[in-house]
Structures are given as C-alpha cells and as structure tokens.
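S.K.: One structure, pasted below without further comment.
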Amino acid sequence: MRKIVLYYGWVFVCCFIINSQNLCACTPDEVKTELDQAHAAFDKASNANSVWINTEDMIKMAEDLMQQGKLEQARDLAHEARYQAELSYAQSLQQPNGFPAYLR
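Adding 107 to a residue's 1-based position in the sequence shown gives its number in our numbering.
Dropping the structure here:
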C-alpha cells in the first residue's frame, strides 16, 4: 500500500512539473489576438488624434518579435502597446477642467 501511494505521489509531482512548464508558453494565436487588439486600440486613438508616438513602433516591434519566434515577448509588448493606445484615447476624452469631449 505504501509503495502504491509513493508511486502515485511521484507520478502526480512529475505531471504537475510538466504541466506547469507548459503554462508559461504562449501560442501564436494568443500573440495574434493581442496584436489585433493593439491595432484596434491604436486605430481608435488615431481617429481621436491622441495616439502616443511610440505606440505604433511598439506594435511593429511586437510583430517583428513574433516573426522571430519570441512569442512571450511579442505578446507582452503588444499588450503594453494596447494599454498605451487605450490610455491615450481615454485621456483625449478629458479636457483640463475634467469635462468629457462630448460636452465640449
């Protein structure tokens, strides 16, 4: 009985280690989704004339990293570019006195 418990304990530990290593990897689909969202946020901010200068460069760098096979770095950079684009758009909706753009 003790050997069975030990055997299944080691099997569980080994499976957990193998699965935890796979959780860190990201797929090309995840990167593509993040890039699509970054492009959409960039377009929205561009239409409001509020996009930050380096946001487009970040998106291009993320695409280059994806081509090089550096998926996790590409995903993280695309996420940061999307965040910057969304933030710049949100800031464009505010005037210095705090009123939204549609009340101007």
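Each residue gets a CB set at the ideal place from its N, CA and C atoms; glycine is no exception.
Can you confirm whether the region 188-201 touches the region 170-180 when touching is taken to mean that 3 or more C-beta pairs between the two stretches lie within less than 8 Å?
M.R.: Contact between the region 170-180 and the region 188-201 is absent, because fewer than three Cβ pairs lie under 8 Å.
S.K.: DSSP three-state call for Q213: helix, strand or coil?
M.R.: Because the chain in this structure spans residues 108 to 211, residue 213 falls outside the shown range and cannot be described.
S.K.: So L184 and M168 are in contact, right, with Cβ under 8 Å, and what is the actual spacing, rounded?
M.R.: Within the sequence shown, numbered from 1, the residue matching residue 184 stands at position 77. Within the sequence shown, numbered from 1, the residue matching residue 168 stands at position 61. Going by Cβ atoms, the distance from L184 to M168 rounds to 6 Å, so yes, they are a contact pair.
S.K.: Nearest-angstrom Cα distance between L245 and R182?
M.R.: Outside the modelled stretch of the chain, which goes from 108 to 211, sits residue 245, for which no answer is possible.
S.K.: To the nearest angstrom, report how far apart S199 and D164 are at their CA atoms.
M.R.: As a position in the sequence shown, residue 199 is number 92, starting the count at 1. As a position in the sequence shown, residue 164 is number 57, starting the count at 1. S199 and D164: Cα-Cα distance of roughly 20 Å.
S.K.: Among N161, E179 and N156, which residue has its Cα nearest to the Cα of A197?
M.R.: In the sequence shown, the residue the question calls residue 197 occupies position 90. Nearest option by C-alpha distance: N156.
S.K.: Report the rounded CA-to-CA distance for N129 versus Q180, giving the unit in angstroms.
M.R.: For the purposes of this step, residue 129 is taken as the residue at position 22 of the sequence shown. For the purposes of this step, residue 180 is taken as the residue at position 73 of the sequence shown. At N129 the pLDDT is 49, less than 50, meaning the model places this residue with poor confidence and gives no usable figure here.
S.K.: Among the residues of its own chain, which have a CB less than 7 Å from the CB of W159, if the five just before and after it don't count?
M.R.: Within the sequence shown, numbered from 1, the residue matching residue 159 stands at position 52. Result list for W159: Q191 and S195, in chain order.
S.K.: Below 8 Å on the Cβ atoms is my contact criterion, and I expect I166 with A147 to pass it. Report the Cβ-Cβ distance as a whole number of Å.
M.R.: Here residue 166 corresponds to residue number 59 of the sequence shown, with the count starting at 1. Here residue 147 corresponds to residue number 40 of the sequence shown, with the count starting at 1. The pair is not a contact, with the Cβ atoms about 11 Å apart (cut-off 8 Å).
S.K.: Please work out which residues of its chain come closer than 6 Å, Cβ to Cβ, to K151, disregarding the five sequence neighbours upstream and downstream, and give them in chain order.
M.R.: Along the sequence shown, read from residue 1 onward, the residue named residue 151 stands at position 44. Around K151: Y196.
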